[in-house]
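Undergrad: Take the sequence shown: its position 92, counted from the start at 1, is 92 in the UniProt record's numbering, and no numbers get skipped.
Heads up, the beta-carbon is just placed ideally off N, CA and C, and yes, glycines get one too.
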Amino acid sequence: MTKNHLQQFYSNKEILITGGLGFIGSNLAIALVKLGAHVTLIDSLIPDYGGNLFNIQEVKNKLNINISDVRDRPSINYLVKDKDILFNLAGTLSHIDSMTDPFTDLEVNCVSQLSILEACRLNNPLIKIVWAGTRNQYGRPTYLPVDENHPQVPTDVNGINNIAGEQYHLLYFHIYGIKTTSLRLTNCYGPRHQMKHSRQGVLNWFLRQLIDSNEIKLMGAGSQIRDINYVDDVVDAFLLSAASDNTWGQAFNLGGEAVSLEEFIKTAITVYGKGKYSCVEFSEDRKKIEVGSYIANWEKFNKYVGWKPMTTLENGIKLTLNFYEKNKNYYWD
């Protein structure tokens with residue numbers, strides 16, 4: 001699907017994005033505004049979750065923001081009305097936090113998802129919903145690359161709750177006919193990710209250490225492989241998914257450039273022109289939930305919508321570093 005087709009599809013569409021001030025939500029919002037959509041964002045701005053008003057600075061006067069929690073059922077019942085598409089990105093992302101505070105993870109990734117779907121069923125059954133799943137649903141891979149039929153045996157509470165959240169969405173398609181689909185995201189990096197801690201992903205955290213001239217501490221031997229996506233490619237996947245007619249009721253893997261974490265760091269150091277790293281032992285809390293190497297098979301999504309990642313690792317890292325060098329005051333403590 002070309003950009004012109006996307007422009008035609010999204011022009012004047014009423015769009016709702018949960019988690020809209022976060023990393024992927026804000027990048028998606030900016031893209032949708034540029035395509036001519038009418039965008040409303042929901043975000044609770046809970047500290048450490050990643051929501052940041054500066055994320056939508058360049059389009060702040062061209063969209064609506066509702067500071068609300070997806071656990072607030074009356075708000076959700078109202079906000080889903082008259083919307084054409086819901087990009088459902090609200091959720092807790094930290095594997096560590098899900099083990100230390102499992103009930104919050106349950107409330108956000110399960111209970112609130114059921115509330116959102118019920119709100120749509122009762123108030124707007126014609127809405128289309130794209131849910132953000134995660135590679136964490138699979139746990140430790142038993143074979144590579146991981147396709148959508150791979151067993152889902154998570155290593156933490158977050159993975160279990162994301163499986164449930166996804167299944168709620170697919171169930172509401174099969175039982176009630178609400179158009180839902182799930183994109184299982186892999187390791188994403190890029191501008192507008194929170195940079196205060198590493199609990200929501202280490203890739204951007206590695207880049208912060210470079211900018212701060214700190215030695216990067218890489219847990220393990222560094223040989224563990226991650227399938228990496230730059231955020232613009234992820235945004236394209238969401239846009240294509242909602243604009244397609246044949247994705248509903250299904251789950252799809254996203255994937256990108258498969259590199260070891262050590263290779264990612266070495267590439268970042270080369271792009272930045274300086275930096276150093278060392279390998280350290282896993283902390284006990286991370287060792288227990290480490291999944292090892294992960295490579296996604298994203299052939300199914302490519303077949304259905306024609307999506308493929310376009311951003312090279314070197315260019316993605318360069319764009320990310322440039323963004324934070326310019327705007328670090330809005331992302332550092």
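1. Between residue 172 and residue 162, what straight-line distance do the alpha-carbon atoms span, to the nearest angstrom?
2. Does the Cβ of residue 195 have 16 or more other Cβ atoms within 10 Å, making it buried, or fewer, making it exposed?
3. Taking C-alpha atoms, which residue in 213, 212, 214, 193 lies nearest to residue 204?
4. Using the C-alpha atoms, what's the distance from residue 313 back to residue 77?
5. Whether or not the stretch 224 to 231 and the stretch 4 to 21 are in contact is what I'm after, with contact meaning three or more pairs of Cβ atoms, one per stretch, closer than 8 Å; do they touch?
6. State yes or no: is the C-beta of residue 85 within less than 9 Å of the C-beta of residue 242?
7. Alpha carbon to alpha carbon, what distance is there between residue 233 and residue 148?
8. Taking only runs that begin and end inside the stretch 52 to 96, name each unbroken beta strand (DSSP E) of 3 or more residues, in chain order.
9. Check this for me: beta carbons of residue 202 and residue 261, under 9 Å apart or not?
10. At the level of alpha carbons, what is the spacing between residue 257 and residue 124?
11. Given a cut-off of 9 Å, decide if residue 158 and residue 95 are closer than it, judged by their beta-carbon atoms.
12. With C-beta atoms as the reference, is residue 15 less than 9 Å away from residue 83?
13. I'd like to confirm the pairing. Which residues does DSSP put opposite residue 184 in its beta bridges?
14. Nearest-angstrom Cα distance between residue 325 and residue 209?
15. So if DSSP puts residue 227 in a beta bridge, which residue, or which two residues, is it bridged to?
16. Among the residues of its own chain, which have a CB less than 7 Å from the CB of residue 355, if the five just before and after it don't count?
17. The alpha helix (DSSP H) with residue 320 in it runs from where to where?
TA: A quick look at the data gives this:
1. Going from the Cα of residue 172 to the Cα of residue 162 covers about 16 Å.
2. buried
3. 193
4. 41 Å
5. no
6. Going by C-beta atoms, residue 85 is nearer than 9 Å to residue 242.
7. One alpha carbon belongs to residue 148, the other to residue 233, and they sit about 19 Å apart.
8. 64 to 67, 85 to 88
9. yes
10. 38 Å
11. yes
12. yes
13. 133, 253
14. 12 Å
15. Looking at the DSSP assignment, residue 227 forms a beta bridge with 258.
16. Any question about residue 355 goes unanswered here, given that the chain covers just 1 to 333.
17. 313 to 327
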